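Residues in the sequence shown are numbered consecutively from 3, following the numbering used here. What follows is one structure encoded as structure tokens, with my remarks underneath.
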Amino acid sequence: MYNNKKIFRKYLHGTKKIVQDTVFKPKKILKKRTFFSKKKFQEEEIHSYLFSYTTPLKLYNENTVSYVRDKKNIKKLKKLSQGYYIPEIFIDVHGLNQHQAKKELGKLFFICHKENLSCAGIIHGHGKNILKKQIPLWLVQHPDTIAFHRAPCTLNKDQTTLFLLIDTSI
């Protein structure tokens, strides 16, 4: 072992130690920032603002399963209740509080307008039935809702889903 050190020093005799004078800084990883346009945010807020009324309306009875805004749209309500209209988009508000559910419902209306969707499904879930009672009241208040009905048996009738039909012709 002593021999190895001698040989090593013999070969390295006259060499100088390297001075490391440059400091390498680690690269900063830039996070992608998502900027929401003010217009999009305002449109979503407008749709959720339409649900701001908390008093029950006289036009809607809380115990009913369906609602139609105009009597001329009764045929659409029947088709909706028979499962003729299939929801093109679903939203799950189960587990959200009322404020969050209003925001998500506003986003749903915004997306339906943007994508020209005419039928949507809302999954409200079980629990204390707060959202189950509030969602129909909010839908009645929105001017774009033509009609809504509980889901047919094929899509968890009593438990989780309400359908709504949205007038996207505006």
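Beta carbons are placed, not taken as given, at the ideal position from N, Cα and C, and that holds for glycine. Since this is a predicted model, take the numbers as computed values, not measurements.
Would Tyr-87 and Phe-150 be called neighbours here (beta carbons separated by less than 8 Å)? Contact: no.
Once the 5 residues before and after Lys-134 are set aside, which same chain residues still bring their CB inside 6 Å of it? Same-chain partners within the cutoff: His-126.
Between which two residues does the alpha helix (DSSP H) containing Arg-152 stretch? From DSSP, Arg-152 is part of no alpha helix (DSSP H) but of the beta strand (DSSP E) over 147-152.
Separation of Lys-30 from Lys-7, as counted between CA atoms: Lys-7 and Lys-30 have their C-alpha atoms some 43 Å from each other.
Helix, strand or coil, according to DSSP, for Ser-68 in the structure here? If DSSP states are grouped into helix, strand and coil, Ser-68 belongs with the strands.
Taking Ile-137 as the reference, give the member of Cys-114, Asn-75, His-115, Asn-99 with the closest Cα. Closest by alpha carbon: Asn-99.
By alpha-carbon positions, which one of Pro-154, Arg-152, Ala-153, Thr-147 ends up nearest to Asn-75? It is Thr-147 whose Cα lies nearest to the Cα of Asn-75.
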